Amino acid sequence: MKKILLTLCLVPAYCLLSSAQETFPVNGTRENNKLYYAFTNATIFTDYQTRIDSATLLIKEGKVEAAGKGIKIPEGAVVNDLKGKFIYPSLVDIYTSYGLPEAKKENAGPGPQMESKTKGAYAWNQSLKPEFNAAFVFSVDTKKAEELRKNGFGSVLTLQQDGIARGTSAFVSLGEGKDNKLLLKEKAAACYSFKKGNSTQDYPSSLMGSIALLRQTYFDAQWYAQNTTAEKNLSLQSWNELQSLPQIFDTDDFLSALRADKVGDEFGKQYILKGSGTEYRRMDEIKATNASFILPLNFPDPYDVEDPYDALIVNLDDLKHWEMAPTNLSAFEKNKIPFAITADGLKDLSKFWKNMRKAIEYGLSETEALKAITYSPAKLIGVENTVGSLKAGLKANFIITSTNLFDKKNIILENWVDGVSYKVNSLEVQDIRGTYDITIGGSVTYKLKIEGEERKPSLKVFYADTVPTSGDISVDKKMVSLSFPVEKGKTDLIRMSGVIEGKQLSGRCQLPAGTWTDWKAIYKDAFVEKVKKDSTDNKPKEIGKLVYPFTAFGWSEQPKQETVLIKNATVWTNESSGKMANTDVLIENGKIAVIGKNISGTENAKVIDGTGKHLTAGIIDEHSHIAISKGVNEGAQASSSEVSIGDVVNSEDINIYRQLAGGVVASQLLHGSANPIGGQSALIKLRWGLAPEKMKIENADGFIKFALGENVKQSNWGDDRTVRFPQTRMGVEQVYYDAFIRAKEYEKLFSANDKTLSKLAPRRDLELDALVEILNKKRFITCHSYVQSEINMLMHVADSMGFKVNTFTHILEGYKVADKMKAHGVGASTFSDWWAYKYEVVDAIPYNATILNEQGVTVAINSDDAEMARRLNQEAAKSVKYGGMSEEDALKMVTLNPAKLLHLDNRMGSIKEGKDADVVLWSDNPLSVYARAEKTFVDGICYYDADKDLQLRDEVRKERARLIQKMIAAKKGGEQTKKPEKKEEKLYHCDTMENENDL
Amino acid sequence: MVGLIKINNMNMKKIVILLTFSLSHLLTSHAQTPAKPQQRQIVLLNGTAHIGNGTVIEKSAIGFENGELLFVSDAKDYTRQLGDEVIDITGKQVYPGFIAPSTTLGLVEIEAARATRDFEDVGYINPHVRSEISYNTDSKIIPTIRTNGVLLAQVAPRGGLISGTSSVFTLDGWNWEDAVYKTDDGIFVNWPARYSAGGWWGEPEPMKKNEEYEKRIVALQKFFADAKAYSQNGQSELDIRMEAMKGIFSGEKRLFINATLAKDIIEAVYFAKKFAVPHLVIVGAKDASLVTDVLKNNNVAVVLDRVHDLPSSPDSDIDLPFKTPKILQDAGVLYCLSYMGGMETAGMRNLPFTAGTAVAYGLTKEQALSAITLNTAKILGIDATAGTLEGGKDATLFVSSGDALDMRTNNVEMAFINGKKLDLDNHQKQLYRKFRNKYTAK
């Protein structure tokens with residue numbers, strides 16, 4: 001039996017023996033330690049879910065031999081009695097940059113940079129670096145390793161956090177010694193993000209550009225895999241090589257986590273998502289990703305909010321995030337979403353355990369916490385048979401702790417990495433707390449009270465009375481040092497040094513005058529720990545409600561579809577029945593069910609008295625840039641048809657709600673006007689509270705932004721922006737011809753007849769895909785335009801290519817070519833009265849809409865502006881003033897006509913039975929400046945109600961006040977705070993454009 | 001032509017003038033010819049007079065001569081005098097000319113074209129730069145502004161800590177000397193920004209405390225202290241920057257401090273107090289609703305930021321900018337509306353509609369009217385002659401066929417500046433006619 005056990009134990013040892021050979025010479029004498037080490041009587045967590053009390057851990061040559069109860073300790077083993085102590089597997093962090101040099105940063109030159117600065121046969125884009133191999137540049141960082149070990153970490157995944165395709169990461173040990181021994185696994189995982197990092201190349205200059213680049217690279221790599229003769233591309237080669245690895249994707253907010261997952265789904269990849277700590281805001285969608293997560297513990301500090309004015313600049317979502325960030329991990333646990341925890345994002349690693357305990361206070365179970373720092377990270381990158389638990393054959397990576405790992409009082413004593421011990425705190429501790437009689441020089445006697453913490457005692461001296469004087473005390477192994485005033489009230493100190501023997505302290509001391517004498521302290525009474533009731537510990541945490549979206553005016557309860565009867569209103573139908581006085585409208589199942597007088601038999605309906613009020617179709621903004629994350633222009637190249645606003649819809653934008661209050665129900669979220677061929681748009685309904693994908697209008701046609709004139713010629717972008725073609729209107733025309741001719745050739749590659757052209761499967765080109773859709777009338781152009789020459793030109797381009805321009809937007813000189821536009825069949829989406837802001841609008845006139853309307857062109861009035869969008873009714877009314885348009889026609893310009901331009905008029909834009917119940921109840925004639933939207937319905941759901949709005953304001957005020965009180969209390973309780981800072985709302989216009997290196 | 005001969009002289013003359021005008025409009029495009037001085041007494045009869053001070057006369061008689069309002073009364077009280085040019089405006093609305101404070105109108109023609117920008121000079125402390133001499137009476141924008149009822153404007157430099165000296169203009173004139181209404185009425189100061197933005201446009205980082213803030217405050221303090229001493233004959237040599245500041249301390253000029261946040265406003269108020277500035281006006285004042293007591297108790301007036309704006313915080317009431325006028329009104333703060341901000345010159349014709357919005361959010365129509373007439377005149381120190389339809393004041397007024405605060409009905413049919421009847425044509429109307437004719441002629 002003994003033999004068998006021994007044999008069993010030896011099996012892994014053989015492996016060790018063979019691996020013990022080294023290629024490198026040793027300066028000095030070879031270390032040849034093959035001893036057993038046994039750790040006995042400890043509480044051992046052999047893995048996150050297995051706790052064994054009074055157990056033994058046996059290790060040898062860096063590996064676990066056995067762990068559990070009843071383990072026979074081989075003779076000659078080094079035995080450590082760990083009675084009362086705990087052993088856990090060392091922590092594993094799979095999101096670090098440990099031991100890697102900083103990513104190389106090129107100097108951004110002046111002016112645009114169209115091409116990559118990376119030399120060699122690599123990817124066209126500088127932010128794609130799949131060839132990067134962290135293992136090639138990894139080297140031990142002893143200082144950082146020590147810091148990590150002190151906090152319990154034993155091994156980490158290290159990656160370079162730079163670029164969109166970041167290459168491969170390495171799995172490394174946090175021990176010390178030769179890098180050859182510390183590098184455990186190269187190419188342990190492939191890493192990605194949406195941030196271009198140090199790349200100085202202009203493209204991508206927006207989040208949607210990053211997403212498109214990622215997509216295109218998947219296609220490029222697929223193509224390259226079949227065809228390596230056309231070009232050598234080392235980046236694509238590497239890309240293909242690392243596809244079978246775990247794929248880790250860094251995201252910086254919960255919306256981007258959803259976006260990354262969506263891209264992954266398109267290419268059959270399930271990313272491991274590195275989260276931001278904000279995922280709790282959309283847990284349903286997060287769960288639906290089916291992804292595993294790597295989650296940070298970077299909980300924010302409270303703000304200094306004592307001053308009520310200063311506090312105003314902190315937004316509610318930031319106040320709430322302070323309170324809710326610690327709930328993020330427990331939300332994952334509740335939703336059974338697998339996750340690992342990382343220390344990434346903590347400015348100060350010492351906060352790791354503090355925040356971990358906080359997460360536990362906020363509902364994370366200790367078992368799940370332990371799993372997330374040991375087993376799960378190992379499992380996610382496929383090293384669970386190396387680290388993360390303490391089973392025979394696994395690495396001897398473990399920590400010895402003074403008590404339960406998650407206990408506030410716990411101290412990490414030792415961290416063993418690869419079987420090597422790294423001391424963190426001394427294992428042995430002398431508890432000298434208690435009451436003593438101290439004798440100095442054999443005569444003077446005081447009473448001493450040593451109290452405080454076991455490892456950090458404090459000293460009180462009682463002279464003749466009962467009021468103590470504080471002194472200093474420190475313990476170092478067997479030695480103790482004390483100092484205190486020689487007499488009560490004096491500042492002169494006696495300084496003593498002594499030895500601890502059992503409970504007795506004795507030694508020599510120096511009196512204030514410098515004379516030496518003996519001292520001795522006799523133990524009298526035991527120290528009695530005052531059990532301090534920690535008032536915060538057991539109280540249930542008071543947490544504000546989650547609101548959707550996570551901002552002021554978000555819903556704690558999403559409004560529901562109702563059957564609504566609006567009675568006796570003036571109904572602007574936008575249909576042949578015109579404006580109907582004293583009319584009822586019944587809304588049912590999200591549709592307009594009945595329009596008529598005195599509708600009855602609807603006892604289930606909620607009745608709204610519309611007397612004196614006006615009901616119109618909801619406003620549709622044909623040209624909007626709200627609700628977009630991180631960039632509205634991908635303007636680095638003349639054509640960017642591969643990008644889509646649909647990838648970056650931001651459901652959390654307060655402007656959605658503000659615009660509902662202005663009667664807006666739907667918007668086309670357009671790419672900007674930085675280049676002749678812009679990006680694809682998103683058509684959304686303003687379904688405030690729903691996630692981005694649910695805001696998109698179902699089965700809507702695809703649209704794309706084109707642009708002409710000064711913006712695309714970069715006329716007003718500064719003197720260094722003269723590099724990109726085109727710089728003239730002449731060049732703009734040729735960009736279009738070139739693009740569409742390329743698109744036609746590209747389409748041929750895919751057509752069945754022309755398969756013979758090439759034996760190779762053609763490369764999918766997302767830019768040309770979009771253009772082919774235009775040629776095939778499956779995607780429609782909204783073109784930013786001002787002067788008549790260019791308007792005319794684009795219609796010619798379209799005619800010659802066999803398609804029609806759908807809409808000219810802005811189109812401020814449309815009135816000059818209204819007849820030509822009518823003939824082409826293009827619509828107009830214009831401003832009411834903007835002009836004179838740049839040279840190409842010197843001939844813009846507020847009569848534009850009226851003339852176009854008179855000439856039979858479908859005209860809409862759009863906003864291109866988050867503020868104006870909430871007064872589009874007023875903007876439409878200006879055509880009554882300028883040119884005398886009829887009121888009904890004017891209203892159509894912000895309702896039915898934009899619906900037509902967006903191909904949605906079969907379901908939106910008028911009050912007609914069967915159409916979507918997207919309607920607005922106004923207090924007055926909707927074209928009057930005095931009118932206010934009182935209720936705005938989308939799909940029969942009341943998303944804005946003026947009365948409900950007053951309640952929401954009150955909730956915002958109360959919630960802010962509650963959080964501010966709580967923050968001040970936290971500060972008083974000793975929490976570190978930070979100065980208030982304001983998040984600036986980013987409002988986009990067409991020409992919001994900067995080339996940026998920071999994305 | 002035969003038919004024309006029968007028409008009396010007066011009308012003939014008009015037709016000829018009209019023909020000449022439209023011809024010239026077709027051939028060239030330029031700002032409209034300034035009006036000739038008023039020849040004889042004009043009486044606007046039977047219109048609804050909105051006085052500007054809160055009162056309305058339903059059927060009114062408004063008489064003016066030599067550019068001055070003689071009487072504004074009930075139509076019943078008017079007896080026609082020989083030589084009066086009586087214009088029947090039954091059913092129409094009469095208003096004092098709207099006044100736009102704190103604008104760069106005339107200092108910039110095309111915002112994107114650097115060569116046409118004349119409102120901001122180099123340096124932080126430029127009290128001596130004066131808008132008066134840069135005001136371009138031939139701007140094509142100006143005629144489009146007055147056709148909506150805005151007839152007076154305070155034109156001010158921008159930028160830096162002390163932007164420069166403003167002047168008030170009538171929106172008609174051959175040159176700036178001709179158009180100026182009050183020379184060097186005020187000095188414009190920008191209260192230093194407490195916070196500065198970080199990050200970039202795609203990923204703005206939170207605004208942090210502006211590191212330059214203290215430095216700027218010190219610079220401002222020092223310059224004001226120096227200028228104050230200078231104004232008290234601290235030196236005999238001329239310093240043109242400090243010379244420009246003299247009026248601030250004597251009360252001849254008003255001090256306009258642009259401040260946004262509550263604390264900025266409070267600090268600006270106490271700053272002006274410290275230097276015993278007689279007339280302080282806070283400009284912008286987005287947070288004014290939070291500090292009404294400070295404003296009221298210190299008699300500080302406000303030129304309010306554009307009403308058609310978004311709240312500065314997502315947590316703010318969504319209609320906060322719309323209802324701020326009502327809050328100031330109720331608090332008894334003297335305030336007026338401005339159109340500062342993006343596209344402020346071309347967009348300034350919408351100033352009356354921002355007043356309309358303030359009505360939708362609480363003001364009465366006549367209160368809103370005061371916010372762009374009488375209040376503005378008081379704040380600019382021109383209320384003795386402008387801002388209301390009252391006898392003795394300048395005859396700067398207009399007639400609209402409907403409610404001029406509502407874009408649906410604002411339709412200015414005639415307008416007078418100092419009694420001079422304006423040509424209400426403009427560049428845009430000319431283009432309208434030209435191209436409308438293109439289609440109707442077909």
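Protein chains in written order, with our numbering: chain A, 1 to 999; chain B, 1 to 442.
Built from N, CA and C at the ideal position, the CB exists for glycine as well.
Treat the numbers as computed from the prediction; the structure is a model and nothing was measured.
Amino acids of chain A, ordered along the chain, whose beta-carbon sits closer than 7 angstroms to that of Thr357(B): Against the second sequence, residue 357(B) aligns to sequence position 357. Simply Val929.
Looking at the C-beta of Ala674(A), does it have a partner C-beta in chain B at a distance below 7 angstroms? Stepping through the first sequence from its first residue, residue 674(A) is reached at position 674. Not closer than 7 angstroms to any Cβ of chain B, the Cβ of Ala674(A) fails to qualify, so no.
Which one of Lys354(A), Ser910(A), Tyr837(A) has the shortest CA to CA distance from Arg114(B)? In the second sequence, residue 114(B) corresponds to position 114, counting from 1. Out of Lys354(A), Ser910(A), Tyr837(A), Tyr837(A) has the C-alpha closest to the C-alpha of Arg114(B).
Please state the DSSP three-state secondary structure of Phe416(B). Taking the first residue of the second sequence as 1, we reach residue 416(B) at position 416. When DSSP states are grouped into helix, strand and coil, Phe416(B) belongs to the strand group.
Beta-carbon proximity list for Lys606(A), same chain, < 8 angstroms, skipping 5 on both sides: For the purposes of this step, residue 606(A) is taken as residue 606 along the first sequence, with counting starting at 1. These residues qualify, in order along the chain: Glu562, Thr563, Val564, Leu565.
Contact set between Asn411(B) and chain A, taken where Cβ atoms lie within less than 9 angstroms: One-based indexing of the second sequence puts residue 411(B) at position 411. Those within 9 angstroms of Asn411(B) in chain A are Lys881.
Chain B residues whose Cβ lies nearer than 9 angstroms to that of Leu708(A): To locate residue 708(A), count along the first sequence from 1; it is residue 708. None at all; the shortest Cβ gap to chain B is about 16 angstroms.
Can you confirm whether Asp621(A), when its beta carbon is compared against all beta carbons of chain B, has any partner nearer than 7 angstroms? As a first step, residue 621(A) is located in the first sequence; it is residue number 621 there, counting from the start. No, Asp621(A) does not count as interfacial toward chain B.
How do the segment 248–258 of chain A and the segment 230–238 of chain A stand: do at least 3 beta-carbon pairs fall below 8 angstroms, yes or no? no
On the CB-based measure, 16 or more other CB atoms within 10 Å of its CB, does Trp174(B) come out buried or exposed? Reading the second sequence from its first residue, position 174 is the one you call residue 174(B). With fewer than 16 other Cβ atoms inside 10 Å of its own Cβ, Trp174(B) counts as exposed.
Evaluate Glu543(A) with the Cβ neighbour count: other Cβ atoms within 10 Å of its Cβ, from every protein chain shown; 16 or more gives buried, anything less gives exposed. Indexing the first sequence from 1 puts residue 543(A) at position 543. Note on identity: in this sequence residue 543(A) is Ile, with Glu being the wrong assignment. Ile543(A) comes out exposed.
Helix, strand or coil for His796(A)? Go by DSSP, reduced to three states. Position 796 of the first sequence, counted from the start, is the residue given in the question as residue 796(A). Reduced to three states, the DSSP call for His796(A) is helix.
At a cut of 8 angstroms, does the segment 629–649 of chain A reach the segment 949–962 of chain A through at least three beta carbon pairs? no
Residue ranges of each alpha helix (DSSP H) run of no fewer than 4 residues wholly in the segment 803–836 of chain A, ordered along the chain? 818–824
Chain A contact residues for Pro345(B), given Cβ-Cβ distances below 8 angstroms: Mapped onto the second sequence, residue 345(B) falls at position 345. Checking the sequence shown, residue 345(B) turns out to be Thr, not Pro. Here the neighbours are Ala836.
Could you work out which residue in Asp81(A), Phe45(A), Cys509(A), Gln126(A) is closest to Tyr37(A) when comparing CA atoms only? Taking the first sequence and counting its residues from 1, one reaches residue 37(A) at position 37. Considering only alpha carbons, the answer is Asp81(A).
Indicate whether at least one CB of chain A lies closer than 7 angstroms to the CB of Leu26(B). Position 26 of the second sequence, counted from the start, is the residue given in the question as residue 26(B). Residue placement at Leu26(B) is flagged as unreliable, the pLDDT there being 45, under the threshold of 50; the coordinate-derived value follows with that caveat. No, Leu26(B) does not count as interfacial toward chain A.
Name, in chain order, the residues that DSSP records as bridge partners for Glu414(A). Counted from its first residue, the first sequence places residue 414(A) at position 414. Glu414(A) pairs with Ile400(A), Lys423(A).
Given 8 angstroms, three or more beta-carbon pairs between the segment 304–314 of chain B and the segment 262–276 of chain B: no
May I ask you to verify whether the segment 798–818 of chain A touches the segment 856–868 of chain A, counting CB pairs closer than 8 angstroms and requiring at least 3? yes
Every unbroken beta strand (DSSP E) inside the segment 888–941 of chain A [3 residues or more]: Taking only runs of at least 3 residues, the beta strand (DSSP E) segments lying wholly in the segment 888–941 of chain A are 919–922, 933–938.
Express the C-alpha separation of Lys560(A) and Ile272(A) in angstroms, rounding to a whole number. The sequence position of residue 272(A) within the first sequence is 272, counting from 1. The sequence position of residue 560(A) within the first sequence is 560, counting from 1. Using only the alpha carbons, I get a separation of about 35 angstroms.
Leu23(B) to Asp425(B), Cα distance in whole Å? Here residue 23(B) is taken as the residue at index 23 of the second sequence, counted from 1. Here residue 425(B) is taken as the residue at index 425 of the second sequence, counted from 1. Confidence in Leu23(B) is poor, its pLDDT being 42 and thus under 50, which makes the residue's placement unreliable; the coordinate value appears in the next sentence. Straight-line Cα distance between these residues: approximately 13 angstroms.
Going by DSSP, name the residue or residues bridged to Gln32(B). Mapped onto the second sequence, residue 32(B) falls at position 32. None; Gln32(B) has no bridge partner.
Distance check for Thr183(B) and Gly402(B), CA to CA, integer angstroms please. Taking the second sequence and counting its residues from 1, the one referred to as residue 402(B) is at position 402. Taking the second sequence and counting its residues from 1, the one referred to as residue 183(B) is at position 183. If you take the alpha carbons of Gly402(B) and Thr183(B), they lie about 34 angstroms apart.
From Phe322(B) to Gln367(B), what distance separates their C-alpha atoms? Counted from its first residue, the second sequence places residue 322(B) at position 322. Counted from its first residue, the second sequence places residue 367(B) at position 367. If you take the alpha carbons of Phe322(B) and Gln367(B), they lie about 14 angstroms apart.
Could you give the residue range of the beta strand (DSSP E) that holds Val168(B)? Working through the second sequence from its first residue, we reach residue 168(B) at position 168. Val168(B) -> beta strand (DSSP E) spans 162–170.
Would you mind sorting Ser402(A) into buried or exposed? The rule is 16 or more other CB atoms within 10 Å of its CB. Position 402 of the first sequence, counted from the start, is the residue given in the question as residue 402(A). The residue in question, Ser402(A), is buried, as its Cβ has 16 or more Cβ neighbours within 10 Å.
Sub-7 angstroms separation of Ala112(B) and Asn716(A) beta-carbons: Mapped onto the second sequence, residue 112(B) falls at position 112. Mapped onto the first sequence, residue 716(A) falls at position 716. The answer is yes: Cβ separation under 7 angstroms.
Okay, do the segment 404–417 of chain B and the segment 344–363 of chain B touch, 3+ Cβ pairs below 8 angstroms being the bar? Yes, since at least three Cβ pairs between the segment 404–417 of chain B and the segment 344–363 of chain B fall closer than 8 angstroms, the two stretches touch.
Select from the segment 292–323 of chain B all residues with a C-beta closer than 7 angstroms to any C-beta belonging to chain A, and list them in chain order. His308, Asp309, Leu310, Ser313, Pro314, Asp315, Asp317, Ile318
Name the chain B residues whose beta carbon is nearer than 8 angstroms to that of Tyr657(A)? Taking the first residue of the first sequence as 1, we reach residue 657(A) at position 657. The contacting residues are Ile318.
For Lys444(B), which residues of its own chain have a beta-carbon under 6 angstroms away from its beta-carbon, when the five flanking residues on both sides are left out? The structure shown has nothing for residue 444(B), since chain B only spans 1 to 442.
Name the DSSP beta bridge partners of Trp124(A), please? In the first sequence, residue 124(A) corresponds to position 124, counting from 1. DSSP, once it has assigned bridges, lists no residue as partnering Trp124(A).
Which residues of chain A have a Cβ atom closer than 8 angstroms to the Cβ of Arg408(B), listed in chain order? Here residue 408(B) is taken as the residue at index 408 of the second sequence, counted from 1. What Arg408(B) touches in chain A: Ala877, Val880, Lys881, Glu887, Asn925, Leu927, Ser928, Val929.
Can you find the residues in the same chain that come closer than 6 angstroms, C-beta to C-beta, to Asn355(A), ignoring five residues on each side of it along the sequence? For the purposes of this step, residue 355(A) is identified with residue 355 of the first sequence, where counting begins at 1. Correct list, in chain order: Leu297, Phe299.
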